[in-house]
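Residue numbers (the working numbering): 685 to 839.
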Amino acid sequence: MEEVVRLLRAQILISNKCIEKIKALKETLQAENKGADIVAAVQAIEPALLELGKLEKDKQEFLRKHKMPAMSAFITKAPPSEEREIVVHLLHRVQEFEEALGREIEAARLLLERGKKYVDYHINVMTRTVASETYTQDAANKESRREIKMFDSSV
């Protein structure tokens, strides 16, 4: 049970760190900051997400070692004790953090989508063409209404 407590506590701490970093990214996206600020916010999230991924591998290894499909199944099989109650409480906290993390990620994804649409719109205005997913010359040639470059020198 000690290993389960250690894994769940670590997951709570790392999930909390991820939530804080994603909230900081959302604030940066909403503040209309320069791109460098957004890049820095994304780079700040990466180590926490890597830690979370490593911890998930450790959890899966633990479950595979004990031949359990999920942490809740392992806890259900444990005999009633104070340690089990602590683990049940920690598991509920982990689930709360996972739900909160999911909501924060979804909100950040929506902000990023809106930002992309904003950029697409302004590129379309500048070039008087329809912007594609990639702004390469080949894509511009296929989808443009007329053949012009992004910054036409004759304008």
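Idealized CB from N, CA, C, for every residue including glycine.
| query | result |
| --- | --- |
| Put E659 into one of helix, strand or coil per three-state DSSP. | It is not possible to answer for residue 659, since the shown part of the chain is limited to 685 through 839. |
| Here's the rule I'm using: 16 or more other beta-carbon atoms within 10 Å means buried, otherwise exposed. How should K743 be labelled? | buried |
| Quick check on the burial criterion: 16 or more other C-beta atoms within 10 angstroms. Buried or exposed for L691? | buried |
| Just to confirm my understanding: we take I698, look at its own chain, exclude 5 residues before and 5 after, and list those with CB closer than 7 Å. What are they? | A732, E735, L736, L739 |
| If you draw a straight line from the alpha carbon of P764 to that of I729, how long is it in whole angstroms? | 38 Å |
| Are the CB atoms of I722 and L785 nearer to each other than 9 Å? | no |
| How many angstroms separate the CA atom of E767 from the CA atom of R777? | 15 Å |
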